Structures are given as structure tokens and as C-alpha cells.
Amino acid sequence: MSKKRVLSGIQTTGNLHLGNYLGAIRNWVDIQQDYDNYFFFADLHAITVPHDPKVLAENTFKLAAVYLACGIDLECSTIFVQSHVSAHSELTWLFNCITPLNWLERMIQFKEKAVKQGENVGVGLLDYPVLMAADILLYDADVVPVGEDQKQHLELTRDIAARVNDKFGKKKQPVLKVPEPMIRKEGARVMSLTDGTKKMSKSDPSELSRIDLLDPPEAIKRKIKKCKTDPVKGLVFDDPERPECHNLLSLYQILGNKTKEEVAVECQDMGWGQFKPLLTETAIAALEPIQNKYNELMSDRNYLDKVLRDGAEKASITANQTLTRVKDSLGFLPPL
Ligand code: TYM
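Sequence positions in the sequence shown follow numbering that gives the first Met the number 0 and run 0 to 335.
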């Protein structure tokens, strides 16, 4: 039996933080051997907010090195740049014409990001989840591993697929595969270091709110030293009054590859003065091998170029087959 297919991606908007790593890439790496995987760099998504053309290409390139440094295995995974496969943009247009506007106006991320941008909200920001649906449905993905914040976008993807099938499919022959989200409990929602009720985010103006994957040890030390805590001694999980405590213990647990029970026992009598150096040490040790590999990869541009060229070629073949299937079902005249 052929393997089920996984697809996921990350926006090429600057440095990745621990939320991206623990909510997404780390899970991809853990499951990849059991699936046929497509992981891409969402550069078309990255321009839905104002962007700097001088750094877009370099950010894409760096993200490719990060995927590989984190352990994406090219034996079972194809990695590619979204804008190198034009079917993503084309399918988005087709989906735009069948997606009700009010489905998009309901999206929480749109509302949050739109508020930040005031008068200048681009159409692309509203349309963002439709592009995401195209990303996923082009590859007939069975499973989409993401962090908790993408859940609503995945529901929309499923709704769009169901609508296309309903309107244009034949009973026994759906046009599109309806994918399942895969949201792991652990790491699905990594919170800010400066406010345990807000998720860790690239767009938070304070660098102290997040640990970036490529942060040097000194920066990690400084950020953990300054992170928000509380005056209570004895550290526990799951106390709604202590969101920072839960978040920091969870980071310690996942980065140290420990179980929740082990950490609960280890930290139950600790104060922050004892815990913070432990977390610092654990985070530095977990990120060091990734950073070393990243530096190695970044010094071999030709290799990365080839990986991206091969990835785009393979992804295009799969994506174009689906695009043709959708266009046929919508009744377009095939190229003559
Ligand atoms: P992006 O680039 O914002 O985030 C990439 C991945 O990281 C996860 N994530 C988090 N997980 C846990 N805690 C956090 N604080 C945290 N912050 C981010 C996200 O859930 C995501 O899995 N729209 C997507 C990119 C995308 C995509 C797709 C994903 C475009 N097309 C198709 C899957 C399938 C996004 O903006 O993710």
C-alpha cells in the first residue's frame, strides 16, 4: 500500500521561533518516515503583509537550510518554494470564485492582523486562507501537521474541498481529497516569554517575547533571565492562574525530551532561580546541533539550489495534475 501524504509549510517571514519549531517542524521530522511528505516555504503568504523585497529571497533560502538542519530527510520528503510552483496561484483564483466572502471575513487571524494594519489591509491578507487551501489540496494531502493557530484555516480548507466536490464532483469521484489536521497536544501552542496568555509570534515587536531557533547561547540566556514569571515557589503545570509557569515547564519538558510527569516531580519544589538556568541549559543544548548544521548548509549554496530545483520540479508534477483535474471539473476548455 502506498504511504499517506503529508503537506505543511511555514511563511518566509524572517527567523523561526520555538513555536514554529515545536508546533510544526519537529513534528514533521518525527512522523516523516511513515509518510510521503511535501514541505514548502510559503513565500506567497509572506507578502500578504508589507514586506521588504531585499530580504524575501534570502529568507526563503535560510528557511530551506533550517528545514534540513532540523532533520527533514530528502529520502522521504520533498521541499520546495511555493512561488516556484505556479499552480498554487492559479488554483487560488479558481477557489476565490467559489468561496463565499463571509467565510473569509470570519477568520480570526485575518481579524487580528487586519487590526494591526489599520487602513492599509491588502486583499491578499483576506484571501490568505484560500491560498492555503490551494497549497494543501493541490497535493491530495491526507494529513496536515500544524500548530493550534492554524486549525481554523484547516477547517476552511476542508469546507472549500467539500464545496468543490459537492458542486463539481461526481458522487463516486470527488475532485479533491478532504485532508485531516494533525495538531499534537505537546508544543501546539507555545506562548510568549513576556506574557503567558499570548502565543509566541514572529510579529511581536519585543524580541524578548520569543526564542529564535538561531539565537546564540547568550541571547537565549538573556531572554530566559528576563522572561515573565510569578512570585510563587514550587512550579506546576496546568494552573490557569500561572500561564507563564505552565509554558516554561512545557518548554523544558519538550526540549529536554522528558515526560510531563518527570518534569512535574523534578520541579515541584523549585523556585525560579533554580529553574531558569536549567531551562537555559536545556534550550541551548537542544538548539546547538540544529545551529551547527544550519551554518554548514548555508555555506553550500549550490547544494541548496539543487535541492530547491529538484523539489520544485517534483512538486509541480503533482500539483499540475490536481490543477488539471479541477479545471476539467469546472468545465474549462483544455489547452489545444
Ligand atoms: P506560520 O508561518 O505562521 O507558522 C508555521 C507553523 O508554526 C506553527 N506555530 C506555532 N505552533 C505552536 N506555538 C506557536 N506559538 C506557534 N506559532 C506558529 C503554526 O501553527 C504553523 O504550523 N498559514 C501558515 C503557513 C501555511 C501552511 C500552508 C501551513 C501556508 N500554507 C499549508 C500548512 C499547510 C502560517 O502562517 O504558518
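For glycine and all other residues, C-beta sits at the position ideal for the given N, C-alpha and C.
Model, not experiment: these values are computed from the prediction.
Own chain partners of residue i with C-beta closer than 7 Å, once the 5 adjacent residues on each side are dropped
i: Glu89; result: Leu322
i: Val114; result: none
i: Leu125; result: Leu103 and Phe109
i: Leu303; result: Phe60, Ala63, Ala64 and Leu296
i: Lys259; result: Phe236 and Gln252
i: Lys232; result: Gly270
i: Cys266; result: Leu234, Leu248 and Phe274
Identified DSSP bridge partners for residue i
i: His16; result: Asp211
i: Thr228; result: Thr228 is not bridged to any residue.
i: Met181; result: Pro144
i: Arg4; result: Asp35
i: Ser191; result: For Ser191, which the question treats as bridged, DSSP gives no partner whatsoever.
i: Ala349; result: Nothing can be reported for residue 349: it is not among the residues displayed for the chain, which extend from 0 to 335.
Reference residue i, options the options, closest by Cα
i: Ala133; options: Gln252, Pro173, Gln267 and Val84; result: Val84
i: Pro49; options: Glu118, Leu67 and Gln151; result: Glu118
i: Cys226; options: Thr77, Glu206, His44 and Ala56; result: Glu206
i: Arg4; options: Tyr34, Val28, Ile24 and Lys171; result: Tyr34
Close-in-space but distant-in-sequence residues of the same chain around residue i (CB under 6 Å, 5 per side omitted)
i: Leu17; result: Val189 and Ile210
i: Leu212; result: Leu15 and Tyr20
i: Thr196; result: Pro242
i: Ala160; result: Leu136, Leu175 and Val177
i: Gly186; result: Leu21, Gly22 and Ile253
i: Cys244; result: Leu234
CB of residue i within 8 Å of CB of residue j, strictly
i: Phe40; j: Ile9; result: yes
i: Ile97; j: Val54; result: no
i: Leu335; j: Val143; result: no
i: Leu234; j: Met269; result: yes
i: Thr11; j: Asp42; result: yes
i: Asp139; j: Glu179; result: no
i: Lys198; j: Asp148; result: yes
i: Ala68; j: Lys292; result: yes
i: Tyr66; j: Ile30; result: no
i: Thr47; j: Gly123; result: yes
beta-carbon residue i near ligand 1 non-hydrogen atom, thresh 7 Å
i: Arg324; result: no
i: Gln116; result: no
i: Met106; result: no
i: Ala318; result: no
i: Ser7; result: yes
i: His50; result: no
i: Asp148; result: yes
i: Lys3; result: no
i: Ile289; result: no
i: Met181; result: no
i: Gly186; result: yes
i: Leu192; result: no
i: Leu21; result: yes
i: Gln10; result: yes
i: Ala41; result: yes
Own chain partners of residue i with C-beta closer than 8 Å, once the 5 adjacent residues on each side are dropped
i: Ile219; result: Ile210, Thr279, Ala282, Ile283 and Leu286
i: Asn95; result: Asp126 and Val129
i: Lys326; result: Leu93 and Pro333
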